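Residue numbers (this note's numbering): 10 to 499. Every residue gets a Cβ at the ideal spot worked out from N, C-alpha and C, and that includes glycine. These numbers come from a predicted model, not from an experiment.
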């Protein structure tokens, strides 16, 4: 069946607490999705943000981001008072997430809630059920605080090497701090489970991202070093990136450690199965980021300053796909197959059966031939005007090459009466793609100030956009509904 949805990360929702969270505005957004005839809510990774405040650089691929915990629900549980919450400086700018303020202030108020919290049976059941990742995560975050945020490679050798008796001694010595981390995860997953259930009960499915790589400074690498290509000191021998192309002369140097795919295959991809099983508890559909990396990936020698010196190396391919399908037969996936797509990558995507992605903004680039024009989309695909890594539609119309914009206007029949942005929405909504997802920024016709992320650039503007209060309007809801109905996507 033809469906549609909206891409809106939770952090972008309005709230009085400096960042969008799993509170009132999230429930109102679900109601809006339903009234607008939508079937999906796509979010970015919900894991704790690390370097550059990016949800794609997380300290854990299993844990939830405590920034998303709703203080109002803690007030309702009498763990906080309204006066205590109001006394916190949450942000200097209501239109942006101020990660500096959150880092300084949010844990203090959550610690106060923890001190009043009395662990009950549900808490200990949660701890036991999630012990396979929670114990290491809680110790990792506690040790990072003890070492003032330093990467695990700079910890004591015995801790870095995970000597069992040393781990046991720290778990005992830092028992209270570790339990505080348990509390944060308990609250996150309790609130998220309730919000997801509310959405599902109203016909809304959640699409969530699983980044292909994890950061070096993460509990995932610290607790599973043999699964990554590291030297004896815990540093990568090669790192991930993308080769040079017409957009970036030096390529993209991501710096993430590469997987030891040979060992992963010997284990039946057990770590990946655990990871995706955890994602299945958070999302209804999983978008596999950088899908082409499962066929072959760009490996850059550690220490290189650019990605130019990298080489293509074989990924796990069909062996990985078959293992995932066997272990998780009922989990739906989307293959993020953007970038340098070879016939081998396309074959793997088709063999997987996962729908690929089509991005309208890529359709009109005069520098290269495109297969992103809507009339070329296959049914088994998910189409977008742009994703969180792209310009907003309004920004693209303002800043893209004049020839590209002219081609788009001609091809899509864009006109002032309908509005150019809404003409682009029409262009993808009317395609045969089974699922169409539009960024909330595009429905709001916002310019470049609302762009979510500029890849490869460290900036406080990245990941910080927030929708204004009252952004959900009756006329907008009605127009989205009518467009969705017109193109058979209700």
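Proximity of residue i and residue j at Cβ, strictly below 8 angstroms
i	j	result
residue 444	residue 433	no
residue 32	residue 107	no
residue 15	residue 447	yes
residue 38	residue 22	yes
residue 371	residue 417	no
residue 199	residue 293	no
residue 7	residue 250	Since the first residue of the chain shown is 10 and the last is 499, residue 7 is not available in this structure.
residue 474	residue 62	no
residue 265	residue 224	yes
residue 302	residue 324	yes
residue 97	residue 114	yes
residue 350	residue 383	no
residue 135	residue 228	no
residue 493	residue 499	yes
residue 367	residue 458	no
residue 456	residue 403	yes
residue 304	residue 354	yes
residue 147	residue 191	yes
residue 300	residue 359	no
residue 450	residue 401	yes
residue 162	residue 244	yes
Member of the options whose CA lies at the smallest distance from the CA of residue i
i	options	result
residue 193	132, 251, 418 and 272	132
residue 286	70, 35 and 19	70
residue 320	387, 343, 84 and 247	247
residue 209	395, 48 and 397	48
residue 427	335, 303 and 454	454
residue 489	12, 45, 10 and 13	45
residue 89	123, 113 and 437	123
residue 127	333, 196 and 146	196
residue 103	158, 20 and 93	20
residue 283	206, 111 and 143	143
residue 452	329, 408, 395 and 412	395
residue 425	406, 411 and 412	406
residue 495	412, 238 and 440	440
residue 297	216, 179 and 409	216
residue 462	399, 277, 60 and 327	399
residue 87	125, 450, 110 and 174	125
residue 42	12, 437, 129 and 110	12
residue 281	332, 241 and 291	332
residue 310	338, 277 and 267	267
residue 202	430, 158, 289 and 381	289
residue 322	271, 275, 279 and 337	271
Assigned secondary structure, residue i (DSSP; H/G/I helix, E/B strand, else coil)
i	result
residue 12	strand
residue 38	helix
residue 344	strand
residue 305	strand
residue 49	strand
residue 268	strand
residue 482	coil
residue 217	strand
residue 88	coil
residue 322	strand
residue 446	strand
residue 310	strand
residue 176	helix
residue 166	helix
residue 151	helix
residue 202	helix
residue 337	coil
residue 474	strand
residue 460	coil
residue 115	helix
residue 276	coil
residue 96	coil
DSSP beta-bridge partners of residue i
i	result
residue 367	392
residue 79	DSSP, once it has assigned bridges, lists no residue as partnering residue 79.
residue 282	Per DSSP, none; premise fails for residue 282.
residue 133	According to DSSP, which records beta bridges pairwise, residue 133 is partnered with nothing at all.
residue 63	BP columns for residue 63 are empty, so no partner.
residue 262	250
residue 245	239
residue 296	218 and 343
residue 105	474
residue 58	67
> So does the segment 67-84 actually touch the segment 230-244, counting three or more Cβ pairs closer than 8 angstroms?
Replying inline: no
>> Using 8 angstroms as the cut-off, can you tell me whether the segment 253-271 makes contact with the segment 313-329, which would need three or more C-beta pairs spanning the two stretches below that distance?
In response: yes
> Using 8 angstroms as the Cβ pair cut-off and three pairs as the minimum, do the segment 338-350 and the segment 358-368 touch?
Replying inline: yes
> With a cut-off of 8 angstroms, do at least 3 Cβ pairs link the segment 75-88 to the segment 109-129?
Replying inline: yes
>> Under 8 angstroms: do the segment 457-468 and the segment 477-484 share three or more Cβ pairs, one atom per stretch?
In response: no
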